[in-house]
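Before any comments, here is the structure.
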Amino acid sequence: MIPLNLRHRFSDLVIWVKLMMLILLILAEPAMAWESGDPWDTTTYDDAKTFGADVQTKLGSTDAIKERISNPMTSDGSSMRTLDDQTSFASQVSAPSTNVFLHVLVHPSATGDITSLHVQQDTDFDGQYDYAYSVPSTVSGICANGFISATPGTWHNPRFYLWESNANGEVTSMQVPSMMSLAGCYCINSSCGSNLVWNNLNVVLRDIGGGMVSAIQGKIPFTITDIHVQGPEIQYYGQASRQIGNTGGIPVSGVPDPEQYFHGGTGTLPGEQEVIDQAADPDSFYTRFSVLQNNVGNQYNTQTCTIAKQAFLTPQTEIIGYNVSFYVGYDENGTTKECFWATASQECRDVWGFETGWLPCQSLNLSHLGEIVHAITTAGPCIPYTDPVSGQSGCFSPPGTINITSYQFVQKNSSGQTPGCYGSGTDPTHEFWSVRAYVVSDVNTYQQVVQGNLIIGIRDVPQLAQTGSCAGMTGCSKLEEEICDQNNSGCIFSHLNYHSTGLTPISSCYTETSPHTGQLWTFCANGNRITYQSPQNSGVLETGSDVWWNIHRIYTCESNNAFDFSDARQRAEHIQDSLNTGSGTLSYQDLNPLNGSTTNYAGTLPPTDNSSQCESSCQVKIPIQDTQASVSGTTDDYRTTTSSYELVIRKCENNICPTGQGEILLQNCGCTNYFNAAASTLQVMEDASKDIICSQH
Numbered sequence: 065m066i067p068l069n070l071r072h073r074f075s076d077l078v079i080w081v082k083l084m085m086l087i088l089l090i091l092a093e094p095a096m097a098w099e100s101g102d103p104w105d106t107t108t109y110d111d112a113k114t115f116g117a118d119v120q121t122k123l124g125s126t127d128a129i130k131e132r133i134s135n136p137m138t139s140d141g142s143s144m145r146t147l148d149d150q151t152s153f154a155s156q157v158s159a160p161s162t163n164v165f166l167h168v169l170v171h172p173s174a175t176g177d178i179t180s181l182h183v184q185q186d187t188d189f190d191g192q193y194d195y196a197y198s199v200p201s202t203v204s205g206i207c208a209n210g211f212i213s214a215t216p217g218t219w220h221n222p223r224f225y226l227w228e229s230n231a232n233g234e235v236t237s238m239q240v241p242s243m244m245s246l247a248g249c250y251c252i253n254s255s256c257g258s259n260l261v262w263n264n265l266n267v268v269l270r271d272i273g274g275g276m277v278s279a280i281q282g283k284i285p286f287t288i289t290d291i292h293v294q295g296p297e298i299q300y301y302g303q304a305s306r307q308i309g310n311t312g313g314i315p316v317s318g319v320p321d322p323e324q325y326f327h328g329g330t331g332t333l334p335g336e337q338e339v340i341d342q343a344a345d346p347d348s349f350y351t352r353f354s355v356l357q358n359n360v361g362n363q364y365n366t367q368t369c370t371i372a373k374q375a376f377l378t379p380q381t382e383i384i385g386y387n388v389s390f391y392v393g394y395d396e397n398g399t400t401k402e403c404f405w406a407t408a409s410q411e412c413r414d415v416w417g418f419e420t421g422w423l424p425c426q427s428l429n430l431s432h433l434g435e436i437v438h439a440i441t442t443a444g445p446c447i448p449y450t451d452p453v454s455g456q457s458g459c460f461s462p463p464g465t466i467n468i469t470s471y472q473f474v475q476k477n478s479s480g481q482t483p484g485c486y487g488s489g490t491d492p493t494h495e496f497w498s499v500r501a502y503v504v505s506d507v508n509t510y511q512q513v514v515q516g517n518l519i520i521g522i523r524d525v526p527q528l529a530q531t532g533s534c535a536g537m538t539g540c541s542k543l544e545e546e547i548c549d550q551n552n553s554g555c556i557f558s559h560l561n562y563h564s565t566g567l568t569p570i571s572s573c574y575t576e577t578s579p580h581t582g583q584l585w586t587f588c589a590n591g592n593r594i595t596y597q598s599p600q601n602s603g604v605l606e607t608g609s610d611v612w613w614n615i616h617r618i619y620t621c622e623s624n625n626a627f628d629f630s631d632a633r634q635r636a637e638h639i640q641d642s643l644n645t646g647s648g649t650l651s652y653q654d655l656n657p658l659n660g661s662t663t664n665y666a667g668t669l670p671p672t673d674n675s676s677q678c679e680s681s682c683q684v685k686i687p688i689q690d691t692q693a694s695v696s697g698t699t700d701d702y703r704t705t706t707s708s709y710e711l712v713i714r715k716c717e718n719n720i721c722p723t724g725q726g727e728i729l730l731q732n733c734g735c736t737n738y739f740n741a742a743a744s745t746l747q748v749m750e751d752a753s754k755d756i757i758c759s760q761h
């Protein structure tokens, strides 16, 4: 409250700062400097002057700031308004809150599994816990949105759970059929390492709590204001944003019982515990400064790298078979009893045998199916077709020999007509066949498209692409490593603060439906390999180490390049020495440090307008009764009277200092500055608080 009018005292400093900013701008972009004689823009100057006067009128006093900004932001009794007063809107930022709205406590067992996980919630943000929940299953793995339960100490019989919340925001766990519903999972029990939970309590608790909070936020709106991890428990602080406007009962900030830190003069602030908590948090200032301290004295730079892998499906088309129609027949009443085939136009063709019987004759035609297909498809020029994927046209010529691997009847019955070949016109032993004859063995892996006599197969070819690399980091130290799923979410820190966390993601899988074949593909990365699987196909795309979908790393690398600002310093010093702002102009001389040449620049400046830069105030001495009590007694025990005075700074009204009876005016209204007095008083109090008693044993 003391420095009511510091702005006008700092006017010279502000001008100097603006001047240095201008110099830096000139250094960065010399081409933007004024040419000699360029006038300043009077229109812009007048507009800015008008706008500044308007802002000064609307926000130029503490009462105005309170009315237009402070009150609208802290209560629902008034609204924020634009400077032209044409538009008003709600802007309250305060809401009912609670010290802790979510409290999670875990207990890791000797097997590394979390055998006890308890949750307490303040669902209505009134400062009282009103809901409790204990997870009924052992927690063997942590996920971004749930957890995995297995036989303690092993990864056998896994069961999968999602965090969910009801309409009241009460969190529970729900079992789901597979891991495909989970994301960002990693193992914590002894099958994956020792003491993983205790060594990574901060990470584990934040992942558990973060999943719960996400589930709750899906049902009720609120804002998280703080997170506190202490030992095996995590506490979430927040505000109920749905209750904005109802400010009744908002607790003050800080702890409710600060007297605990005094405790009769023997209490202490929880500094040691705070250091432990901060050290466990890789994002805390304590950790960051600790890392920085390790690098002091060396020139280091931070380098980041990313390795991203993406599985994709490439469509492949080929001729996989032939679609043909023809007659087969047997002259069972003739003397020679021929077994034959004929074209769909009833042209008699090859005889495969004699006196075979009707059923063996059918088998005989199937054994010669390749020859029949060849005769039908090579009867004319090449067969035209359109590629179903690319849309390009082509013309296919069948090979000299067609080897049929399998076939499928589309039609196999008597047509009511007979080609009458070789005297079989009166015999019923004939059929009309429509056959799909395939030349590939894995027919079911293709999506089939029939075009005339051709069967075109479309199938997916899974492939893997990689972008980014962490090569070239020789001589660097790995500061952080984060492993993420295919969506760059569900991330797990495997390396923090130059040390391995021991946490490894569980296999990350996702499914994709092929737009070309409609088949469902599943791709998985488990650190050692990336695999694919479809209803008819499976395989491996890559093997090795650190085979994940996304890896983000931060390295610190020693640098041999010292920063050299000597040229910039020479330019800045030369500009400052040559700068002249007199007579409504600004002129300076720029220096080229490379060749010593100089360039003159100048421009006109707008006139300086003097305006009030402060809120008028005065200083008053008022009488008070000082009856303070302490462990040493009361003021009356040490003074002859309890009458005393205190100094008060008041805002002037119409340039008149408001004073009451018995009050003494010390400094009349004006742009006053009490900074030196305040600083001196604080220094005296600091010196007085120090022990000045010396003793010698």
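Numbers in my numbering are just positions in the sequence shown, counted from 1, shifted up by 64. Every residue gets a Cβ at the ideal spot worked out from N, C-alpha and C, and that includes glycine. Everything numeric in this text was worked out from a predicted model, so none of it was measured.
In the DSSP assignment, residue 270 falls within the unbroken alpha helix (DSSP H) covering 265-281. For residue 713, the uninterrupted beta strand (DSSP E) segment begins and ends at 707-715. From the listed residues 196, 495, 203, 286, the smallest Cα separation to residue 175 is found for 203.
Going by DSSP, residue 372 is part of the beta strand (DSSP E) stretching over 364-394. In this structure, residue 441 sits near residue 517, with a CB-CB distance shorter than 7 angstroms. Scanning the region 593-668 for uninterrupted beta strand (DSSP E) segments of 3 residues or longer gives 601-611, 614-622, 649-655, 662-668, listed from N- to C-terminal end. Closest option to residue 273, judged by alpha-carbon separation, among 744, 285, 241, 228: 228. When DSSP states are grouped into helix, strand and coil, residue 226 belongs to the strand group. Excluding its 5 nearest sequence neighbours in each direction, residue 278 has C-beta neighbours in its own chain below 7 angstroms: 209, listed in chain order.
Here residue 543 carries a strand assignment [DSSP, helix/strand/coil]. Residue environment: residue 130 is assigned as exposed (fewer than 16 neighbouring CB atoms within 10 Å of its CB, all protein chains considered). A distance below 7 angstroms between beta-carbons, with the five flanking residues on each side excluded, links residue 709 to the following residues of its chain, in chain order: 685, 686, 687, 688.
Inter-segment contact for the region 481-497 and the region 451-460 is absent: fewer than three beta-carbon pairs are separated by less than 8 angstroms.
Collapsing the DSSP output to three states places residue 401 in coil. In the three-state reduction of the DSSP assignment, residue 126 falls in the helix class, which pools H, G and I. Cβ-Cβ distances below 6 angstroms link residue 525 to 378, 380 in the same chain, with the five nearest sequence neighbours on each side left out; the list follows chain order. CA-to-CA, the gap between residue 489 and residue 527 works out to about 57 angstroms. Per DSSP, residue 501 is one residue of the beta strand (DSSP E) stretching across 494-502.
Residue 554 counts as buried, since at least 16 other C-beta atoms from the protein chains shown sit within 10 angstroms of its C-beta.
C-alpha of residue 670 to C-alpha of residue 123: approximately 25 angstroms in a straight line. For residue 248, there is no enclosing alpha helix (DSSP H), as DSSP marks it with neither H nor E.
The closest CA to that of residue 465, considering only 434, 445, 726, is found on 434.
As the crow flies, the alpha-carbon of residue 682 is around 59 angstroms from that of residue 557. Between the region 594-610 and the region 286-300 there are fewer than three inter-stretch CB-CB distances shorter than 8 angstroms, so the stretches are not counted as touching. Within the region 185-237, the runs of beta strand (DSSP E) that reach at least 3 residues and sit entirely inside it are, in chain order, 195-198, 210-213, 223-229. Your pair residue 250 and residue 237 does not check out as a contact, with CB atoms roughly 18 angstroms apart and the cut at 8 angstroms. The three-state secondary structure of residue 425, taken from DSSP, is helix. Residue pairing by DSSP places residue 585 opposite 576 in a beta bridge. If one requires a minimum length of 3 residues, the beta strand (DSSP E) runs lying completely within the region 447-495 are 447-450, 457-460, 470-477, in chain order. DSSP lists no beta-bridge partner residue for residue 702. Close CB contacts of residue 588 within its chain, under the 6 angstroms cut and outside five residues either way in sequence, are with 571, 573, 595 (chain order). In summary, residue 559 is buried, with 16 or more beta-carbon neighbours lying within 10 Å of its beta-carbon over all protein chains present. As for any beta strand (DSSP E) of minimum length 3 sitting wholly inside the region 505-558, the runs are 511-515, 518-531, 540-548, ordered along the chain. Assignment of residue 152 by DSSP, reduced to helix, strand and coil, places it in the strand class.
Under DSSP, residue 297 takes part in a beta bridge, and its partners are 169, 294. Of the residues 740, 581, 207, 621, the one whose Cα lies closest to the Cα of residue 246 is 207.
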